[in-house]
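What follows is a single structure, written as structure tokens, with notes after it.
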Amino acid sequence: MKYPVHERFYTWQGEGVHLGRAAYFIRLYGCPQACPWCDSAGTWHKDYRPEGVTLMSAQELADVVAHDSPDGAFVVITGGEPILFDLGPLVDLLHGMNRRVHIETSGIAQLRGDIDWVTLSPKPFGQWPEASVVARADEVKIIVHDPSDLQAGLDTLTGLRDDAVIWLHPEWSRARDRDTTVLNAITEAVKSNPRLRAGYQMHKLYRADDLDVHSDKRLVPLGGNTELGY
């Protein structure tokens, strides 16, 4: 099979438990969740037409990972929604190169492939995560666009392991604009429940992704078009 690759680049992980570690990102195209604040325009804008999506085999992707990043850098498969695809062949090849593989997913389908680390980002206003993915999650990232998103996200996590980390991330426009309603809600939630952690997208402050030649450098959502207003 071939995977629809929207973006691939070498940078560092800007979120979560593995913050600051060198990582090679593979962003797959396609997601049914339609989050209105998503940084991939193809998930929410009716006028979007895919540009720059390349169909690549597992071997082709493994080869570019080996060429574009040094030994020791782990691989993050993100999207879009990567769980829609059978990642087993790709993961097996990457493991053969001694690369650990992480996935960032909303958990809406069964996980395929021997993934080393699962970051679950539930979308309570859309399709809830599968129970098997919740049980497998190593960490959870709840995106907070409105204070009501806090509890809504937590409600999707029945069966989560006791040792899984739960992050509360302000949606980027709220963080960028220093929206105190959202930021204060996260602060109070963490203070009232020590299991929760306040998170942030640190790579966006550094503009770290933009330093890789393969990253989309336009200051619009991935696939966006300023002339069309998105």
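Going by this note's numbering, the sequence shown wraps up at 430, each residue one higher than the last.
From the three backbone atoms N, C-alpha and C, an ideal C-beta is built for every residue, glycine too.
A Cβ-Cβ separation of about 5 Å places A223 in contact with V276 under the 8 Å criterion. DSSP places H345 in the coil class of the three-state scheme, outside both helix and strand. Sequence-distant partners of S306 (beyond 5 residues in either direction) whose C-beta falls short of 7 Å from its own C-beta, in its chain, are Q233, E281, S321, P322, K323, P329. Annotation: the continuous beta strand (DSSP E) that includes P204 extends over 202-212. With a beta-carbon spacing of about 16 Å, L290 and A309 fall beyond the 8 Å limit used to define contacts.
Separation of the CB atoms of W367 and E339 is rounded to 6 Å, and the pair is thereby assigned contact status at 8 Å. In its chain, beyond the 5 residues on either side, A398 have a beta carbon closer than 7 Å to the beta carbon of T387. The C-beta of A273 has 16 or more other C-beta atoms within 10 Å across all chains shown, which makes the residue buried. About 7 Å separates the Cβ atoms of V334 and T358, confirming a contact at the 8 Å cut-off. Here the C-alpha atom of V365 lies approximately 11 Å from the C-alpha atom of V318.
Membership of I277 in the beta strand (DSSP E) is indicated by the continuous run 274-278. If you draw a straight line from the Cα of L354 to the Cα of G326, it comes to about 14 Å.
Proximity to D362 across P370, L396, T278 peaks at L396, based on C-alpha coordinates. The beta-carbon distance between M201 and D286, rounded to whole angstroms, is 7 Å. This is short enough to meet the 8 Å contact definition. One alpha carbon belongs to V265, the other to N384, and they sit about 40 Å apart. Under the three-state reduction of DSSP, S306 is assigned to coil, being neither helix nor strand. In the three-state scheme derived from DSSP, where H, G and I count as helix and E and B as strand, A223 is classed as strand. Comparing C-alpha distances from I343 to each of E215, A258, T211 shows the shortest one belongs to E215.
When the beta-carbon positions are compared, G230 and L311 stay at least 8 Å from each other. For S332, the enclosing alpha helix (DSSP H) begins and ends at 331-336. Of the residues assessed, Q401 falls on the buried side of the cut-off, its CB having 16 or more other CB atoms within 10 angstroms.
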